[in-house]
Amino acid sequence: MNGEELELLKRLLEIPSVNSRDNEGNVAEYLTRYFSDHGIQAEVQKMDETHANVIAFVPGKNQERTVIWNGHLDTVPYGELQEWDTNPSKAVEKDGRIYARGASDMKSGLAAMVYALCHLDQEPACNIQFLGTCDEKKGGLGAEMVLKEGKMSDGQWILVGEPTGMKLGVAQKGCLWLEISARGVTSHGAYPQEGANAVYGAAEIGAQIKAYVEQSTHPLLGSSTAQITMIEGGVANNMTPDRCRAVMDIRMVPGMTREMVLGKAREALEKLKEKDSRFEADFTVLNDRRAIEISSSHPMVKLLGKELREAGYEEADLGINFFTDGSVLDRNGERDILLFGPGEPSMAHKPNEYVEIEKYEAAIRILQKFAADCGQE
1 MNGEELELLK
11 RLLEIPSVNS
21 RDNEGNVAEY
31 LTRYFSDHGI
41 QAEVQKMDET
51 HANVIAFVPG
61 KNQERTVIWN
71 GHLDTVPYGE
81 LQEWDTNPSK
91 AVEKDGRIYA
101 RGASDMKSGL
111 AAMVYALCHL
121 DQEPACNIQF
131 LGTCDEKKGG
141 LGAEMVLKEG
151 KMSDGQWILV
161 GEPTGMKLGV
171 AQKGCLWLEI
181 SARGVTSHGA
191 YPQEGANAVY
201 GAAEIGAQIK
211 AYVEQSTHPL
221 LGSSTAQITM
231 IEGGVANNMT
241 PDRCRAVMDI
251 RMVPGMTREM
261 VLGKAREALE
271 KLKEKDSRFE
281 ADFTVLNDRR
291 AIEISSSHPM
301 VKLLGKELRE
311 AGYEEADLGI
321 NFFTDGSVLD
331 RNGERDILLF
341 GPGEPSMAHK
351 PNEYVEIEKY
361 EAAIRILQKF
371 AADCGQE
């Protein structure tokens with residue numbers, strides 16, 4: 001390493017790309033220029049004035065096979081600035097770490113992939129397509145646009161550079177945001193028995209969904225989870241609410257699907273109506289990211305595990321509770337997805353977010369070796 005890898009990371013960290021606030025397209029533009037400066041074909045896929053993807057392609061010896069590398073361009077907000085010891089918008093190098101918002105999640109993984117591709121010692125064993133996607137933190141619009149415009153290669157393997165702390169992310173929870181729009185009957189607050197309280201109705205449906213979801217477990221991911229994260233309802237202090245909107249955040253282990261959750265929601269509504277036929281409810285899916293799992297014996301897992309051992313790291317499987325663009329890029333579960341990156345998952349979204357420089361540089365070397373092999377048999 002000659003220091004350029006750190007300059008790339010620091011530059012990316014200092015391009016503001018907070019989701020829903022900044023122009024994520026600036027990151028796409030910068031990376032496109034970086035790829036082009038290193039002789040790699042790249043393009044900006046613009047969605048609107050503040051959103052764009054970067055797509056690059058590196059041809060390999062085996063032209064019949066492509067592996068897809070993916071990373072997202074956006075970050076979460078800084079949070080309370082007084083909780084930071086450094087300026088989150090500036091890359092600060094200190095004690096073997098680089099601090100900034102996005103240092104772990106996931107501009108270190110993004111930079112490692114880009115630098116590795118731009119500094120290969122030899123032609124990769126197979127084609128590698130790089131997809132730098134915008135809006136991962138919210139709606140996954142960047143990944144959706146890649147699919148909509150047919151920009152993704154037909155590669156079977158997808159490597160996602162999310163923070164795994166140099167472990168192998170072989171399982172990832174799915175995410176379902178479910179809106180419950182409950183309707184009841186209003187009444188005077190002094191006579192609640194004459195009404196049908198929509199807030200209680202939504203809460204009861206939510207409780208039944210939660211109890212059902214949390215029965216499903218996974219050896220790496222633990223149990224599925226469900227909670228009401230937003231609730232709106234009521235007209236006045238002295239009126240029984242006849243409308244309630246609640247949103248549930250449901251994190252599903254592999255094997256659980258949106259259809260299963262929606263089925264339980266409808267069942268819960270029917271049970272509620274058996275108590276009071278005046279209740280009604282509609283269910284709307286606001287976000288649907290399927291759960292992901294890859295076998296520990298998969299060639300991609302075995303190859304990266306070998307490279308990790310040779311680099312002095314423990315080969316350990318990791319379960320990821322947060323969602324990624326991997327579940328968007330492989331909506332139908334037809335591809336093999338593995339998560340691997342130098343960032344620390346425990347530091348994501350927190351004040352004083354950092355990445356360890358040693359892990360960042362090791363990830364670059366491992367990715368370069370991965371490209372040289374591509375799991376060719």
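The opening residue of the sequence shown carries number 1 in the working numbering; numbering runs sequentially from there. In this text, a Cβ means the ideal position worked out from N, Cα and C, and glycines have one as well. Computed from a predicted structure; not experimentally measured.
Considering only the alpha carbon of each residue, which of the options lies closest to residue i?
{"i": "Val-160", "options": "Val-285, Ile-40, Ala-111 and Tyr-212", "result": "Ala-111"}
{"i": "Glu-5", "options": "His-72, Glu-29 and Met-113", "result": "Met-113"}
{"i": "Asp-85", "options": "Lys-369, Pro-351 and Ile-364", "result": "Pro-351"}
{"i": "Glu-162", "options": "Gly-341, Ala-371, Lys-369 and Arg-365", "result": "Gly-341"}
{"i": "Lys-210", "options": "Met-260, Cys-244, Leu-220 and Gln-193", "result": "Met-260"}
{"i": "Asp-95", "options": "Ala-372, Glu-358, Ala-362 and Val-27", "result": "Glu-358"}
{"i": "Ser-20", "options": "Phe-35, Glu-93 and Lys-138", "result": "Lys-138"}
{"i": "Lys-302", "options": "Pro-254, Tyr-354, Ser-346 and Cys-374", "result": "Cys-374"}
{"i": "Phe-283", "options": "Trp-177, Asp-48, Phe-35 and Ala-91", "result": "Trp-177"}
{"i": "Glu-344", "options": "Leu-12, Ile-250, Glu-214 and Arg-97", "result": "Arg-97"}
{"i": "Lys-275", "options": "Gly-140, Asp-22 and Glu-204", "result": "Glu-204"}
{"i": "Asp-325", "options": "Leu-308, Asp-48, Asp-22 and Gly-142", "result": "Gly-142"}
{"i": "Glu-7", "options": "Glu-307, Ala-371 and Ala-91", "result": "Ala-91"}
{"i": "Pro-219", "options": "Ser-187, Gln-172, Ala-362 and Phe-35", "result": "Gln-172"}
{"i": "Ala-311", "options": "Ala-291, Ala-362 and Ala-281", "result": "Ala-362"}
{"i": "Glu-356", "options": "Asn-62, His-72 and Glu-93", "result": "Glu-93"}
{"i": "Ile-68", "options": "Ser-36, Thr-133, Glu-83 and Pro-254", "result": "Thr-133"}
{"i": "Ile-292", "options": "Ala-226, Pro-299, Ala-265 and Asn-321", "result": "Asn-321"}
{"i": "Gln-41", "options": "Thr-50, Val-58 and His-51", "result": "Val-58"}
Residues in the same chain with beta-carbon distance under 8 Å from residue i, minus the five sequence neighbours each way, listed in chain order, please.
{"i": "Ser-89", "result": "Glu-14, Pro-16, Tyr-78, Ala-100 and Arg-101"}
{"i": "Asn-237", "result": "Gly-189"}
How long is the line joining the alpha carbons of residue i and residue j, rounded to whole angstroms?
{"i": "Leu-339", "j": "Met-166", "result": "10 Å"}
{"i": "Ser-181", "j": "Asn-332", "result": "28 Å"}
{"i": "Ala-196", "j": "Thr-240", "result": "7 Å"}
{"i": "Lys-10", "j": "Lys-107", "result": "9 Å"}
{"i": "Thr-217", "j": "Ser-104", "result": "27 Å"}
{"i": "Gly-189", "j": "Ser-277", "result": "20 Å"}
{"i": "Gly-25", "j": "Thr-66", "result": "26 Å"}
{"i": "Asn-287", "j": "Lys-151", "result": "22 Å"}
{"i": "Val-364", "j": "His-119", "result": "The sequence shown places Ile at residue 364, rather than the Val named in the question. When rounded, the distance between both Cα atoms is 9 Å."}
{"i": "Thr-75", "j": "Lys-273", "result": "43 Å"}
{"i": "Arg-245", "j": "Tyr-212", "result": "21 Å"}
{"i": "Val-235", "j": "Ala-207", "result": "23 Å"}
{"i": "Leu-269", "j": "Tyr-191", "result": "24 Å"}
{"i": "Arg-258", "j": "Gly-319", "result": "20 Å"}
{"i": "Ala-28", "j": "Ala-56", "result": "11 Å"}
{"i": "Phe-130", "j": "Val-54", "result": "8 Å"}
{"i": "Val-185", "j": "Tyr-200", "result": "12 Å"}
{"i": "Glu-123", "j": "Lys-369", "result": "11 Å"}
{"i": "Cys-126", "j": "Asn-62", "result": "5 Å"}
{"i": "Met-347", "j": "Leu-73", "result": "17 Å"}
When DSSP labels each residue in this structure, what does residue i get in the three-state scheme?
{"i": "Cys-374", "result": "coil"}
{"i": "Lys-306", "result": "helix"}
{"i": "Cys-126", "result": "strand"}
{"i": "Ser-223", "result": "strand"}
{"i": "Gly-109", "result": "helix"}
{"i": "Glu-361", "result": "helix"}
{"i": "Arg-289", "result": "strand"}
{"i": "Asn-62", "result": "strand"}
{"i": "Ala-268", "result": "helix"}
{"i": "Glu-232", "result": "strand"}
{"i": "Arg-251", "result": "strand"}
{"i": "Glu-353", "result": "coil"}
{"i": "Thr-240", "result": "coil"}
{"i": "Met-300", "result": "helix"}
{"i": "Lys-273", "result": "helix"}
{"i": "Ile-294", "result": "coil"}
{"i": "Arg-245", "result": "strand"}
{"i": "Lys-138", "result": "coil"}
{"i": "Leu-131", "result": "strand"}
{"i": "Asn-53", "result": "strand"}
Spatial neighbours of residue i within its chain, please: CB distance less than 7 Å, with the 5 preceding and 5 following residues excluded, ordered by chain position.
{"i": "Leu-367", "result": "Ala-112, Met-113 and Ala-116"}
{"i": "Arg-243", "result": "Arg-183, Ala-198 and Gly-233"}
{"i": "Ile-294", "result": "Val-170, Val-301, Asp-336, Ile-337 and Leu-338"}
{"i": "Asp-330", "result": "Ile-158 and Ile-337"}
{"i": "Gly-140", "result": "Asp-325 and Val-328"}
Using a Cβ-Cβ cut-off of 6 Å (strictly less than) and excluding sequence neighbours within five positions of residue i, which residues of its own chain qualify?
{"i": "Arg-289", "result": "Gly-174, Cys-175, Phe-323 and Ser-327"}
{"i": "Leu-221", "result": "Ala-171, Lys-173, Val-253 and Gly-319"}
{"i": "Gly-155", "result": "Thr-66, Val-67 and Ile-68"}
*Report the residue ranges of all alpha helix (DSSP H) runs contained in full by the stretch 146-216; include only those spanning at least 4 residues, in chain order.*
For the stretch 146-216, whole alpha helix (DSSP H) runs of length 4 or above, ordered along the chain, are 198-213.
*At which residue ranges does the stretch 304-347 contain complete alpha helix (DSSP H) runs of 4 or more residues, listed in the order of the chain?*
Taking only runs of at least 4 residues, the alpha helix (DSSP H) segments lying wholly in the stretch 304-347 are 326-329.
*Counting only runs that start and end within the stretch 65-105, where is the beta strand (DSSP E) found for 3 or more residues in a row?*
Listed in chain order, they are 92-94 and 97-99.
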